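Protein chains in written order, with our numbering: chain A, 10 to 338; chain B, 834 to 1122. All residues carry an ideal CB built from backbone N, CA and C; glycine is no exception. This structure is a prediction, so every number in the text was calculated from the model and none was measured. Step one of this worksheet: look at the structure below.
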């Protein structure tokens, strides 16, 4: 029985690891009280969303040791899922009862394509924003890790795959809005609460998701599977000799991290009020890595400390993205 | 038939540009193992240097090639000496450091020169077209092809027939043993990186008349260059050449059948599949680690 009961020192350590994380979340939640400026609040919400993306990268890179340069792929897929649903909500307003988004009308599309149809349901879109990135990542992970691809080759494959999806989105203008992305979106509305990008509700939604993804990531790293994933990062072949299915664990952590990135992408659409191919561009994907080293670099050395999560958030907040470029959206 | 030859020539032209950009990266990544994400920015610096030399000093493109090589190589030397050599044996940190350097260079150019597009004139002597296998091709593209092959030849000679190249190969095989024979690894690395950066600068200057010059032009090139180097196989210069022309022909051909975007997507997918089954690249002989 002593092996079952958490001994007091273990519990203390858990609390000590959770405490900084919860303190930061408390600060995040308290911020709107101090900050009476909707514009700044929207900015902070945007950085928090990128913080969630960084958390997801910290999970796959810092804990899984998967050198994923294409994290923005999952982010962008989530973002488009949300944007498609919100776009369809605006249809009666913009293009009459015929029910086509404006850019499809401009591109002479006569009927709503089949893959847009289910996005009339918001709950489907939210589920898709999590599941599609996870499935894509799982498929890609299966493809890579079953072949024991490691290190820099993983990064080249993830980067190239992301660029392919980016190119396809830009190329299929009549179905995806092409280079302009999907703009003029309706407001997200869940259970009668409208989430205005510059409102408090959106900020709390984002803050809640930060807390949620931190807790999910934290719980995962404390689980047995999380432990094995860290062991794989530190010494892959040794774990394999122990009889574990290394690829399976890698695929799982890769998919989990993609789902969290998808969540971040959906929130990003809500906060930014549009979706754009730049959301899964090389620039964004690589600049997330700026936020990650403080998190992942620490975990990389084998010491997985909880503070690295919030450090990831903070580092991300301190490093806003490079200024926008001409033709960015 | 004419159309077929035209496609081949277009592919060769795309391939020679790819080779120009990838050659420097092949040296830096293949021999030093540094994933240099600032490579695209070196290309961008070279293009801007061509523009500056032309606009402010009135130098033609051909006359400014050597100074451009030296300027960008000096940049590379400084970055190796004061950033990368301090991060020895930490490949992940060098990825981030070079990406950071790249962003700084981009923003520095944006702040000093401005973010509007710049244009570099074709050298007047090469602005006409000439006959190749019965079809008319821009002389400048032929010139690019010749230059890319010549630069490859020079690099091959440098690596395989000079004392510096021999030292570099010794260091690649075993750094500590090479050092114990009195080879100054730090200096050789700095020179190698500078040479790779200089090649990237040359590439930027040479493609600048064909494309518009902007601060973020490098991002596309660095991805392309990595695909070429990885496809060709690390530590294989000849592989880099072959893969550059294979990719050039592939993208030229598919672009003719479909369009540029689809071509790029399909080529990238092909590379992804290839890496999965042959991560060491197409043309690598097994070398001792």
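Cα-Cα, which of the options is closest to residue i?
i: residue 926 of chain B; options: B/1077, B/870, B/1095; result: B/870
i: residue 935 of chain B; options: B/912, B/945, B/953, B/949; result: B/912
i: residue 1052 of chain B; options: A/229, A/296, A/268, A/256; result: A/296
i: residue 895 of chain B; options: B/1036, B/918, B/1028, B/876; result: B/1036
i: residue 122 of chain A; options: A/142, A/97, A/140; result: A/97
i: residue 204 of chain A; options: A/157, A/40, A/281; result: A/281
i: residue 988 of chain B; options: B/851, B/859, B/846, B/835; result: B/859
i: residue 117 of chain A; options: A/279, A/183, A/130; result: A/183
i: residue 887 of chain B; options: B/953, B/1092, B/1061; result: B/953
i: residue 1108 of chain B; options: B/1063, B/1085, B/1099, B/958; result: B/1063
i: residue 55 of chain A; options: A/273, A/131, A/286; result: A/273
i: residue 259 of chain A; options: A/49, A/217, A/69; result: A/69
i: residue 872 of chain B; options: B/856, B/883, B/882; result: B/856
i: residue 171 of chain A; options: A/146, A/265, A/202; result: A/146
i: residue 971 of chain B; options: B/878, B/981, B/984, B/955; result: B/955
i: residue 214 of chain A; options: A/32, A/245, A/41, A/23; result: A/41
i: residue 197 of chain A; options: A/24, A/35, A/134; result: A/134
i: residue 212 of chain A; options: A/32, A/20, A/53; result: A/53
i: residue 842 of chain B; options: B/1050, B/890, B/1081, B/946; result: B/1081
i: residue 928 of chain B; options: B/897, B/1012, B/866, B/980; result: B/866
i: residue 840 of chain B; options: B/1083, B/923, B/899; result: B/1083
i: residue 187 of chain A; options: A/49, A/33, A/283, A/24; result: A/283
i: residue 1043 of chain B; options: B/1071, B/994, B/915, B/975; result: B/975
i: residue 164 of chain A; options: A/44, A/48, A/250, A/149; result: A/149
Across which residues does DSSP place residue i in a beta bridge pair?
i: residue 198 of chain A; result: A/203
i: residue 191 of chain A; result: A/284
i: residue 1046 of chain B; result: B/951
If residue i sits next to residue j, beta carbons under 8 Å apart, how far is it from one beta carbon to the other, in whole angstroms?
i: residue 46 of chain A; j: residue 206 of chain A; result: Wrong, their Cβ atoms sit about 14 Å apart, outside the cutoff.
i: residue 290 of chain A; j: residue 83 of chain A; result: Actually they are not in contact, since the Cβ atoms of residue 290 of chain A and residue 83 of chain A sit about 14 Å apart, beyond 8 Å.
i: residue 248 of chain A; j: residue 240 of chain A; result: 5 Å
i: residue 905 of chain B; j: residue 1031 of chain B; result: 5 Å
i: residue 864 of chain B; j: residue 1006 of chain B; result: Contact doesn't hold; Cβ gap of about 11 Å is too wide.
i: residue 1102 of chain B; j: residue 1060 of chain B; result: At roughly 11 Å, the Cβ-Cβ gap does not stay under 8 Å, so residue 1102 of chain B and residue 1060 of chain B are not in contact.
i: residue 1077 of chain B; j: residue 1087 of chain B; result: Not really, about 16 Å apart at Cβ, beyond 8 Å.
i: residue 933 of chain B; j: residue 1029 of chain B; result: Not confirmed; about 18 Å, so no contact.
i: residue 166 of chain A; j: residue 1094 of chain B; result: Incorrect: roughly 20 Å between the Cβ atoms, too far for contact.
i: residue 851 of chain B; j: residue 1039 of chain B; result: Incorrect: roughly 12 Å between the Cβ atoms, too far for contact.
i: residue 78 of chain A; j: residue 160 of chain A; result: Actually they do not touch by this definition, with Cβ atoms about 12 Å apart.
i: residue 981 of chain B; j: residue 973 of chain B; result: With a Cβ gap of about 12 Å, residue 981 of chain B and residue 973 of chain B do not count as contacting.
Just the chain E side, please: which residues come within less than 7 Å of residue i by C-beta, in chain order?
i: residue 161 of chain A; result: The structure shown has no chain E; the protein chains it does contain are A and B.
Skipping 5 residues on each side, what residues in its chain have a beta carbon closer than 8 Å to that of residue i?
i: residue 1019 of chain B; result: 918
i: residue 838 of chain B; result: 966, 967, 968
i: residue 1016 of chain B; result: 1000, 1003, 1004
i: residue 10 of chain A; result: Per-residue confidence for residue 10 of chain A stands at a pLDDT of 42, beneath the threshold of 50, marking its modelled position as unreliable; the derived number appears in the next sentence. Excluding sequence neighbours, residue 10 of chain A sits near nothing in its chain.
i: residue 130 of chain A; result: 94
i: residue 950 of chain B; result: 1045, 1046, 1047
i: residue 199 of chain A; result: 131
i: residue 1027 of chain B; result: 906, 907, 909, 910, 913
To which residues of the same chain is residue i closer than 6 Å at the C-beta, ignoring the five residues directly before and after it?
i: residue 277 of chain A; result: 58, 88
i: residue 315 of chain A; result: Interpretation of residue 315 of chain A is limited by its pLDDT of 34, a score under 50 that renders its predicted location unreliable; the figure taken from the coordinates is listed afterwards. Result list for residue 315 of chain A: 26, 30, in chain order.
i: residue 28 of chain A; result: none
i: residue 235 of chain A; result: 229
i: residue 1041 of chain B; result: 880, 883, 953
i: residue 138 of chain A; result: 87, 90, 91, 271, 275
i: residue 998 of chain B; result: 991, 992
i: residue 222 of chain A; result: 61, 64, 269
Given residue i, which residues of its chain have a CB within under 7 Å of its CB, disregarding the five upstream and five downstream residues?
i: residue 80 of chain A; result: 62, 65, 66, 270, 294, 297
i: residue 978 of chain B; result: 845, 846, 849
i: residue 113 of chain A; result: 183
i: residue 312 of chain A; result: Note on residue 312 of chain A: pLDDT 32, under 50, position unreliable in the model; no value is reported.
i: residue 39 of chain A; result: none
i: residue 1055 of chain B; result: 870, 872, 873
i: residue 1024 of chain B; result: 997
i: residue 862 of chain B; result: 868, 869, 1062, 1067
i: residue 1058 of chain B; result: 854, 855, 858, 872
i: residue 1049 of chain B; result: 939
i: residue 173 of chain A; result: none
i: residue 238 of chain A; result: 72, 73, 258, 262
(request) Could you pull out every unbroken beta strand (DSSP E) segment of at least 3 residues lying fully inside the segment 900-980 of chain B, listed in chain order? (result) 962-965, 968-971
(message) Report the start-end ranges of each alpha helix (DSSP H) in the segment 1023-1086 of chain B that is 4 residues or longer and not cut off at the edges.
(response) 1051-1065
(request) Can you check the segment 101-151 of chain A for any alpha helix (DSSP H) of at least 4 residues that lies completely inside it and give the ranges in chain order? (result) 111-115
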